[in-house]
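If you're matching positions, the sequence shown starts at 1 in full-length UniProt numbering and goes up one per residue.
Remarks on the structure that follows.
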Amino acid sequence: MANYFSSSFKLGILGGGQLGKMLLYNTRKFDIHTCILDNSNEAPSKIACNEFHLGDLMNFDDVYNFGKQVDVLTIEIENVNVDALETLEKEGIKVYPASKTLRTIQNKATQKLFYVDNNLPTAPFTRFAYLSEIEDAIKNGGLNLPFVWKAAQFGYDGNGVKMVRKIEDLQGLPTGECIAEQLIPFKNELAVIVARNSSGEIKTFPVVEMEFHPEANQVEYVICPARIDKAVAKKATEVALKVSEAFNHVGLLAVEMFQTEDDQILINEVAPRPHNSGHQTIEASYTSQFEQHIRAILNLPLGRTDSKVGGVMVNLVGAEGYSGNVVYQNIEAIMKMDGVTPHIYGKKQTRPFRKMGHVTIANENLNEARKIAEEVKKKIKVISE
Numbered sequence: 001m002a003n004y005f006s007s008s009f010k011l012g013i014l015g016g017g018q019l020g021k022m023l024l025y026n027t028r029k030f031d032i033h034t035c036i037l038d039n040s041n042e043a044p045s046k047i048a049c050n051e052f053h054l055g056d057l058m059n060f061d062d063v064y065n066f067g068k069q070v071d072v073l074t075i076e077i078e079n080v081n082v083d084a085l086e087t088l089e090k091e092g093i094k095v096y097p098a099s100k101t102l103r104t105i106q107n108k109a110t111q112k113l114f115y116v117d118n119n120l121p122t123a124p125f126t127r128f129a130y131l132s133e134i135e136d137a138i139k140n141g142g143l144n145l146p147f148v149w150k151a152a153q154f155g156y157d158g159n160g161v162k163m164v165r166k167i168e169d170l171q172g173l174p175t176g177e178c179i180a181e182q183l184i185p186f187k188n189e190l191a192v193i194v195a196r197n198s199s200g201e202i203k204t205f206p207v208v209e210m211e212f213h214p215e216a217n218q219v220e221y222v223i224c225p226a227r228i229d230k231a232v233a234k235k236a237t238e239v240a241l242k243v244s245e246a247f248n249h250v251g252l253l254a255v256e257m258f259q260t261e262d263d264q265i266l267i268n269e270v271a272p273r274p275h276n277s278g279h280q281t282i283e284a285s286y287t288s289q290f291e292q293h294i295r296a297i298l299n300l301p302l303g304r305t306d307s308k309v310g311g312v313m314v315n316l317v318g319a320e321g322y323s324g325n326v327v328y329q330n331i332e333a334i335m336k337m338d339g340v341t342p343h344i345y346g347k348k349q350t351r352p353f354r355k356m357g358h359v360t361i362a363n364e365n366l367n368e369a370r371k372i373a374e375e376v377k378k379k380i381k382v383i384s385e
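Following this line, the structure appears as structure tokens:
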């Protein structure tokens with residue numbers, strides 16, 4: 001058993017955003033020495049780590065040189081230099097998730113092909129090297145409208161995804177590699193977070209239901225447990241476990257899925273790290289997703305994953321029409337409500353739809369929690385001075 005606690009062991013995290021900051025709640029709890037690499041001196045994680053390194057996550061040398069200084073390396077964002085990770089692995093640094101997993105997931109087209117190759121259920125799609133090929137395919141009848149356009153590389157938080165109902169919707173989109181995915185009518189968007197350590201111990205968090213903002217294409221509410229039939233929840237968990245097994249990952253794997261009109265489960269996409277769909281676990285679960293990620297990558301026993309109470313998470317994003325120094329309007333009013341906990345990420349500047357924080361509502365009654373979440377959403381506004 002390695003000595004991680006109050007020792008010279010160093011855990012490296014690529015990315016210093018809010019997910020890194022929430023991972024650091026737990027490394028602080030366990031007194032694990034942490035090093036962060038991020039390209040901004042304003043990174044939310046800077047205040048909570050032991051060592052902060054400034055560097056470009058997509059630059060080979062920056063990632064490689066940082067990785068050489070740590071014992072185990074993990075990520076809180078997928079957009080990192082995978083070649084550097086591969087070199088570090090060859091030189092004996094433990095990297096979780098593995099470079100091979102990240103390489104597959106980073107590109108939406110290779111990620112979708114991975115599901116097909118492994119007989120995992122996903123919506124039909126076509127891969128295109130250039131956006132112009134889509135127009136040709138529509139004109140010659142090879143592709144039917146409507147469909148979902150997704151950029152192959154570097155999409156996040158609703159960026160790089162667009163509903164295409166008419167050919168004009170393609171205007172202004174990035175011109176490079178992309179996929180056109182068949183539009184699937186679905187009842188619910190679900191997610192399951194799977195945790196796995198290198199000894200092969202596996203645990204899943206309860207299935208959650210996600211409600212999306214129609215314009216920003218960002219999660220507005222996460223509801224745990226999902227208000228779905230037990231048989232559907234079982235099916236979603238089984239699919240998530242199959243995805244986990246196919247990737248043979250270590251750490252967390254968040255699997256986003258569609259529940260179709262006839263209760264089939266289709267994989268939308270995955271993230272090999274802590275995920276927006278697990279933020280409510282900090283207050284509502286026995287073990288938070290962030291603690292579980294630390295346990296998994298250090299090959300420690302995994303914690304209990306069930307919920308103590310019903311949990312609903314509300315994303316706090318920058319209000320439209322406001323940019324500049326952030327102000328959290330009415331935050332005291334929501335803190336008066338029962339079971340409401342705000343998490344402020346530490347980004348000093350707001351802009352429309354930027355993720356600035358989240359609020360968790362914990363309540364024995366899930367419907368009550370959802371009602372309070374609605375009130376929270378109406379009351380608190382992320383504006384600027």
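For every residue, glycine included, the Cβ atom is placed at its ideal position computed from N, Cα and C.
- Secondary structure of G17 (DSSP, three-state): coil.
- A direct Cα-Cα distance of roughly 46 Å separates F247 from E385.
- The stretch 131–151 makes no contact with the stretch 323–343, as fewer than three CB pairs between them are under 8 Å.
- Scanning its chain for C-beta atoms nearer than 8 Å, with the 5 sequence neighbours on each side dropped, one finds around M257 the residues E189, L190, A191, V192, A236, V239, A240, I265, L266, I267 and N268, in chain order.
- Considered as a whole, the stretch 3–57 harbours 18–30 as its complete alpha helix (DSSP H) runs of no fewer than 4 residues, in chain order.
- Across the set C224, E220 and V70, the C-alpha of E220 shows the shortest separation from the C-alpha of F353.
- For R196, the enclosing beta strand (DSSP E) covers residues F186 to R196.
- In the DSSP assignment, the residues bridged to F128 are C178.
- The three-state secondary structure of V208, taken from DSSP, is strand.
- Scanning its chain for C-beta atoms nearer than 7 Å, with the 5 sequence neighbours on each side dropped, one finds around R304 the residues Y286 and T287, in chain order.
- Here K379 is actually not in contact with V314; their C-beta atoms are around 10 Å apart, not less than 8 Å.
- Take the alpha-carbon of A369 and the one of M356: they are about 21 Å apart.
- Taking C-beta atoms as the reference points, G251 and H293 count as a pair closer than 7 Å.
- Only residues of its own chain outside the window of five on either side were considered, and among them R196 have a CB closer than 6 Å to the CB of I202, listed in chain order.
- Of the candidates G311, K371 and D262, G311 places its Cα closest to the Cα of A284.
- Judged by beta-carbon spacing, S99 lies within the 7 Å limit of V82, meaning their Cβ atoms are closer than that value.
- Per the coordinates, the alpha-carbon of C224 lies some 32 Å from the alpha-carbon of C178.
- With contacts defined as CB atoms closer than 7 Å, V222 and S277 qualify as a contacting pair.
- Less than 7 Å divides the Cβ of V161 from the Cβ of N217.
- For A226, no beta strand (DSSP E) segment is defined, and its DSSP state is neither H nor E.
- Look at the stretch 249–335 and you find these whole runs of alpha helix (DSSP H), each 4 residues long or longer: 281–284, 289–297 and 331–335.
- By the Cβ-count criterion, L145 is exposed, with fewer than 16 other Cβ atoms from all chains shown falling within 10 Å of its own Cβ.
- DSSP, reduced to helix, strand and coil, places I202 within a strand of the structure shown.
- Distance between P342 and L316, taken at the CA atoms: about 9 Å.
- N107 is not a Cβ neighbour of F154, given a cutoff of 7 Å.
- C-alpha of F186 to C-alpha of E51: approximately 45 Å in a straight line.
- If you draw a straight line from the Cα of N26 to the Cα of R165, it comes to about 45 Å.
- In this structure, DSSP gives N367 a helical state, which the three-state scheme calls helix.
- Classified as exposed, I167 has fewer than 16 neighbouring CB atoms from the shown chains inside 10 Å of its CB.
- Membership of V82 in the alpha helix (DSSP H) is indicated by the continuous run V82 to K90.
- Scanning E245, P206, Q329 and M210 for the CA closest to the CA of S307 turns up P206.
- Scanning L300, E181, I36 and Y328 for the CA closest to the CA of N3 turns up L300.
- When the beta-carbon positions are compared, G15 and E86 stay at least 7 Å from each other.
- It is roughly 7 Å from the alpha-carbon of E42 to the alpha-carbon of K347.
- Less than 7 Å divides the Cβ of S45 from the Cβ of L24.
- If you compare the alpha carbons of H213, R273 and N367 with that of A319, the shortest gap goes to H213.
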